[in-house]
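Before any comments, here is the structure.
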Amino acid sequence: MSDQHHSHGLPFWRKYIFSVDHKVIGIQYGISGLLFLLFGFCLMMLMRWQLAYPGQPLPVLGNLFSEKFMVGGIMLPEFYNQLGAMHGTIMVFLGVVPLAVGGFGNYFVPLQIGAPDMAFPKLNMMSFWVFFLGGVSMVASFFVPGGAAQSGWTSYPPLSDIATTGQTVWLIGMVFLITSSLLGSVNFIVTIVQLRADGLSFFRLPFFVWAQFVTSFLLLLAFPPLEAAGVLQLMDRVAGTSFFLPSGLVVAGKALTVSGGGNPLLWQHLFWFLAHPEVYVLILPAMGIVAEIVACNTRKPIYGYKSMVYSIVFLGFMSFIVWAHHMFLTGMGSKMSAFFQITTMIISIPSVIILTALALSLWGGSIRFTTPMLFATAFLPMFGIGGLTGLPLGLTASDIPLHDTYYVIGHFHYVVAPGTIFALFAGIYHWYPKVTGRKMSEILGKIHFFFSLIFINGVFMPMFIMGLAGVSRRLYDPMQYAHAQPTQPLNVFISICAWSLGLAQIPFILNFFGSLIWGKKVDRNPWESTTLEWAAPSPPPHGNFDTVPQVYRGPYEYSVPGQKHDFWPQDMAKEN
Amino acid sequence: MSDNLIRYISKPHPVTGVTNAKLGIWCFLASEVMLFGGLFSAYVLLRTGAPLWPRGSEILNVPLATLNTIILITSSVTMVMAWASLAMKEFSKYKRYMGMTILLALAFLVVKAFEYGHKFEHHHFPSTNTFYAIYFTLTGLHGLHIVGGVVVNTYFLFPGSRMWEHDPEQFMGRIECAGLYWHFVDLVWIFLFPVLYLL
Amino acid sequence: MPKYYGWGLPYNASAYGAEIDRLIYVLHVFMILLFVGWFAFLLIALFKFRSRPGHKAEYKHNHFKAPSYLEVGVALFEAVLLLGFSFPIARHTRAFPAKGEALEVRIVAEQFAWNIHYPGPDGVFGKTDIKLIGPANALGLDRTDPAAKDDITAINQLHVPVNKPVVVHLSSKDVIHSFFLPVMRVKQDIIPGQNIPVWFQAKASGNFEIACAQLCGLGHYRMRGFFIVDEPDKFSAWLAKFAPKVAVPAPVPAPATAAAPVVLAV
Chain A
84 MSDQHHSHGL
94 PFWRKYIFSV
104 DHKVIGIQYG
114 ISGLLFLLFG
124 FCLMMLMRWQ
134 LAYPGQPLPV
144 LGNLFSEKFM
154 VGGIMLPEFY
164 NQLGAMHGTI
174 MVFLGVVPLA
184 VGGFGNYFVP
194 LQIGAPDMAF
204 PKLNMMSFWV
214 FFLGGVSMVA
224 SFFVPGGAAQ
234 SGWTSYPPLS
244 DIATTGQTVW
254 LIGMVFLITS
264 SLLGSVNFIV
274 TIVQLRADGL
284 SFFRLPFFVW
294 AQFVTSFLLL
304 LAFPPLEAAG
314 VLQLMDRVAG
324 TSFFLPSGLV
334 VAGKALTVSG
344 GGNPLLWQHL
354 FWFLAHPEVY
364 VLILPAMGIV
374 AEIVACNTRK
384 PIYGYKSMVY
394 SIVFLGFMSF
404 IVWAHHMFLT
414 GMGSKMSAFF
424 QITTMIISIP
434 SVIILTALAL
444 SLWGGSIRFT
454 TPMLFATAFL
464 PMFGIGGLTG
474 LPLGLTASDI
484 PLHDTYYVIG
494 HFHYVVAPGT
504 IFALFAGIYH
514 WYPKVTGRKM
524 SEILGKIHFF
534 FSLIFINGVF
544 MPMFIMGLAG
554 VSRRLYDPMQ
564 YAHAQPTQPL
574 NVFISICAWS
584 LGLAQIPFIL
594 NFFGSLIWGK
604 KVDRNPWEST
614 TLEWAAPSPP
624 PHGNFDTVPQ
634 VYRGPYEYSV
644 PGQKHDFWPQ
654 DMAKEN
Chain B
16 MSDNLIRYIS
26 KPHPVTGVTN
36 AKLGIWCFLA
46 SEVMLFGGLF
56 SAYVLLRTGA
66 PLWPRGSEIL
76 NVPLATLNTI
86 ILITSSVTMV
96 MAWASLAMKE
106 FSKYKRYMGM
116 TILLALAFLV
126 VKAFEYGHKF
136 EHHHFPSTNT
146 FYAIYFTLTG
156 LHGLHIVGGV
166 VVNTYFLFPG
176 SRMWEHDPEQ
186 FMGRIECAGL
196 YWHFVDLVWI
206 FLFPVLYLL
Chain C
11 MPKYYGWGLP
21 YNASAYGAEI
31 DRLIYVLHVF
41 MILLFVGWFA
51 FLLIALFKFR
61 SRPGHKAEYK
71 HNHFKAPSYL
81 EVGVALFEAV
91 LLLGFSFPIA
101 RHTRAFPAKG
111 EALEVRIVAE
121 QFAWNIHYPG
131 PDGVFGKTDI
141 KLIGPANALG
151 LDRTDPAAKD
161 DITAINQLHV
171 PVNKPVVVHL
181 SSKDVIHSFF
191 LPVMRVKQDI
201 IPGQNIPVWF
211 QAKASGNFEI
221 ACAQLCGLGH
231 YRMRGFFIVD
241 EPDKFSAWLA
251 KFAPKVAVPA
261 PVPAPATAAA
271 PVVLAV
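Chains as they are written, first to last, in my numbering: chain A, 84 to 659; chain B, 16 to 214; chain C, 11 to 276.
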């Protein structure tokens, strides 16, 4: 109770570092997430050199790396594998989820429901600092003997069981990150259920809040089995158990002196039981953000809001029963294979409903092509490509030649990169005025958009060709296999596009920081939006609203006939 | 400064009927079910895939574990009595019952330490075979949860109990939540005991 | 020499490969059609409803019926994909040839090589023991076992005859690998502790390759094997050349009435 009253009397470190205010924590998560996205992207840009020019020394930068990673500027296989495993881990667990859920969720869910803060502010702060510890562990893992984890972000044993120390640090980092996520998800669920303003029934919630709500259930219920699996793998590595090690293993000519009796598939089941819902954690907040921006920039309600809500809840439920489609090739029986193919086909239906509803929302609108709207609109076909290319992978027969190839990499990157990350950019441009009181530059925003769109497609589209040709994932040197040699020019093209994509982020970085100083100052509601966060000052003070909000209508009352203005805020009692 | 404060900290929500903390602890317990569920699933997969699997009663100390079961169930009773004492505004009774709960929990841990020590003396470690591996991991994680409960309950017995003076309703709510957690830890043991020791 | 690899699906040398390729083509046609139609709608909507003076948005619009039809259509198409394509193909890939019909081979994967084990003319695999694994005996083959006397072992080269089913029994010494024959549309993860069979039938001869399709460590990228499909006579010749040079046992002294000494075949 007591910490709800005094924010002005607090010392600097309690106001900005160990703050319990959801907005400060949201910014902490958001900035950390963006920095980790950049770091993860840099790891990949290094990998792209080796893929485009295998065995060639990396000019200039190559000399900065120790002999542990690069010899004479030439990347070692161990470093390539570390970069691969850590790129995936960092982007998923330290980049996208902290930004989408910890950043946007923390900052805007309480505002959009008219609450003064999250239900458990101290727990919120703890979640962030535990996440931070997890992030430090992951980055530090590069510097332990043997380097960072290098068994893929999927860490399949026995390879991960016998890997170098970095894998243990990865597991410890994951325990921190999972704990942070669990604490955060409890906070989100209780906040959304309990702290909605008067008049804000569930079906008057902005779709963004629904998305965060379902996401939180996924995090709450799907992460613990991975935590269990992480404990088991730690036991294998540190206590000499054989949870994932069968008897009779011979590594490098020497028999492993373990008890045996374990099963590598046990890890895969526990891992994918989380990791499949995890990919919906990656996409759902993005769909929420796109819905907000589309409604606001088409000046009309979202099409099929109710169908979208039912679909997202159904999607959340289905996401728990599709996981073994990642394991089709592990030798499973026909009944299990049939079950998971069927559930995988079924789960595509709510996804298509949501995407179609968002696209139909454009029909009959008055579309403003602001930077957030450009990113949000581009999300639709990009996510469409990602979703469609999941189809060959979700059927066992077509998965046989495509499993673990670049086709998979293309598929999931389309959903996450020009999918989720574009939605996150859209959210940044859209909500920047609320957080800072200033607008970002539209010109820099549009440059950022166009070049990102072009280059990101240049990076990921060719991967489908490579996948069909059978080129496997995680190959340090693609030239060793005859079937991978003909597509090598595509590797060069992809790498050039990837580095160009990196350059294309410069306008964004300049815009993001520059607008803090030079951005046009705006009032509370520069986009003329209807949802509750725009009723608060920019930025909102501790406690968020001048008076306790009261909600009178749904979230997307735009262009209501008979109104003078083309938007009718949720909390406005009188006509607009 | 706004007059907008976080609601339903002490008073329940009119529609859901629970306070924030109560809903929060139920959500947390749901995740704990999934955590132990993951480990129990691991047990099932390992046992069904093993050509040979010992009967728990042949290897483990069933009488000691039975004693521990009684200890834990009793501690759940004392935990409820602690909360009920607060409901009846009898603070000293609360302290007594909470103290008993903590002591019983510590007794559980002592018995467990004895069990583990006996195993280690006979060179039975988690690395010995998968039965011991899953036994130590399941009971070890459960033991960590007991330790966590002891820490929280001790906080609520000593420094945290000061809240009773200025916000008895919220304090009672906290003890109720701690009780729910404690009952869950007890419940996990009710599953662990037959699965590991008897089957 | 036909070009086996390029931009797109590799050359198909597999008897059941055509079905898999057909499914992939059908899927991509469907995906492209759906995407083009849907993208066209998007562009039309973005243009038609761009904000301009005098143009207002519609608050309530008619419920579109087309998306529901589309949704049902997609669901029906997915049912067709399952029942008409994926399940029938699975019946073929899981329909192992009867014993005696196929060539049986064992492949034991390790970091970073493929150990190939043929049973030889007796058709029985000799026993293996991990205690016997050494530099000269990667499989740990127990040569004292009578069944092992005629076994043929090779490293990184799998020879099979054309137009005959082959059953490969996959196992791993150390970590998870994945046995991938691009031209046969065969890919099977190899899980340590398990013995997983996979079958195929080559319909064309040629020199192809084996690849590892699951990250298995530092040498994953160079775990390449040779996969050679030969006409039957060339295949037998290779087997004979690689057969272990075992001395022919002394002929059994024939009874006085026998016509000729009996020579045990190897």
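Every residue, glycine too, gets a C-beta built ideally from N, C-alpha and C.
To the nearest angstrom, report how far apart Ile-180 (chain A) and Leu-365 (chain A) are at their CA atoms. Looking at the sequence shown, residue 180 (chain A) is not Ile but Val. Whole-angstrom Cα-Cα distance: 6 Å.
For Met-153 (chain A), which of helix, strand or coil comes out of DSSP? strand
Measure the Cβ-Cβ separation of Val-213 (chain A) and Leu-260 (chain A) and say whether it is below 9 Å. yes
Would you say Trp-197 (chain B) lies against chain A (beta-carbon separation less than 9 Å)? no
Mind checking Phe-135 (chain B): buried by the 16 CB within 10 Å criterion, or exposed? exposed
Can you give me the Cβ contacts of Pro-156 (chain C) inside the same chain, cut-off strictly under 6 Å, excluding the 5 residues immediately before and after it? none
With 8 Å as the limit, tell me which residues of the stretch 524–548 of chain A have their beta carbon closer than that to any beta carbon of chain C; keep them in chain order. Ile-548
For chain A, check one thing: does any of its Cβ atoms lie closer than 9 Å to the Cβ of Val-176 (chain C)? no
List, in order along the chain, the chain A residues whose C-beta lies closer than 7 Å to that of Thr-143 (chain B)? Ser-342
Any C-beta of chain A under 9 Å from that of Met-96 (chain B): no
Would you tell me roughly how many angstroms separate the C-alpha atoms of Ile-190 (chain B) and Ile-196 (chain A), rounded to the nearest one? 29 Å
Can you tell which of B:Thr-143, B:Tyr-196, B:Ile-21, B:Lys-127 has its C-alpha closest to the C-alpha of Gly-163 (chain B)? B:Tyr-196
Judging by CA-CA distance, which residue of A:Val-273, A:Phe-326, A:Ile-537 is the nearest neighbour of Phe-151 (chain B)? A:Phe-326
Can you list the residues of chain A that Ser-61 (chain C) reaches, using a CB-CB cut of under 9 Å? Asn-380, Thr-381, Arg-382, Gly-448, Ser-449, Ile-450, Arg-451, Phe-452
Could you round the C-beta distance between Ile-437 (chain A) and Ile-395 (chain A) to whole angstroms and report it? I think they count as a contact, below 8 Å. 7 Å
If I measure Cβ to Cβ from Ser-449 (chain A) and keep anything under 6 Å in the same chain, skipping five residues before and after, which residues do I get? Arg-382
State yes or no: is the beta carbon of Thr-324 (chain A) nearer than 9 Å to at least one beta carbon in chain B? yes
Run through DSSP, which three-state label would Ser-555 (chain A) get? strand
Going by other Cβ atoms of all chains shown within 10 Å of its Cβ, with 16 needed for buried, is Asn-146 (chain A) buried or exposed? exposed
Kindly identify the DSSP beta-bridge partner or partners of Tyr-641 (chain A). A:Phe-650
Which same chain residues, not among the five before or five after Ile-238 (chain C), have their C-beta less than 6 Å away from its C-beta? His-169, Asn-217
At least one CB of chain C closer than 9 Å to the CB of Asn-346 (chain A): is that the case? yes
Report yes if the CB atom of Phe-55 (chain B) is closer than 9 Å to the CB atom of Leu-153 (chain B), and no otherwise. yes
Please state the DSSP three-state secondary structure of Pro-207 (chain C). strand
In DSSP terms, what His-262 (chain A) is bridged to: For the record, residue 262 (chain A) in the displayed sequence is Thr; it is not His. Answer is none; Thr-262 (chain A) lacks a bridge partner.
I'd like to know if Ala-221 (chain C) contacts chain A, where contact means its C-beta is closer than 9 Å to some C-beta of that chain. yes
For chain A, find out if any of its Cβ atoms is closer than 9 Å to the Cβ of Glu-47 (chain B); answer yes or no. yes
Could you round the C-beta distance between Gly-185 (chain A) and Gly-116 (chain A) to whole angstroms and report it? I think they count as a contact, below 8 Å. 7 Å
May I ask you to list, following chain order, the residues of the stretch 237–267 of chain A that have a beta carbon less than 7 Å from some beta carbon of chain B? Leu-265
May I ask you to list, following chain order, the residues of the stretch 188–203 of chain A that have a beta carbon less than 9 Å from some beta carbon of chain B? Gly-197, Ala-198, Pro-199, Asp-200, Met-201, Ala-202, Phe-203
Arg-22 (chain B) CB to nearest chain A CB: under 9 Å? yes
Phe-169 (chain B) touches chain A at which residues, Cβ-Cβ below 9 Å? What sits at residue 169 (chain B) in the sequence shown is Thr, not Phe. Within 9 Å Cβ-Cβ: nothing; Thr-169 (chain B) doesn't reach chain A, min ~19 Å.
For Thr-4 (chain B), go through chain A and note every residue whose CB falls closer than 7 Å to its CB, in chain order. One cannot answer for residue 4 (chain B) here, as it falls past the ends of chain B, which runs 16 to 214.
Contact set for Ile-530 (chain A): own chain, Cβ-Cβ below 6 Å, skip 5 residues either direction: Pro-590
Residue ranges of each alpha helix (DSSP H) run of no fewer than 4 residues wholly in the stretch 200–277 of chain A, ordered along the chain? 204–223, 249–277
List, in order along the chain, the chain A residues whose C-beta lies closer than 7 Å to that of Leu-38 (chain B)? Val-273, Val-276, Gln-277
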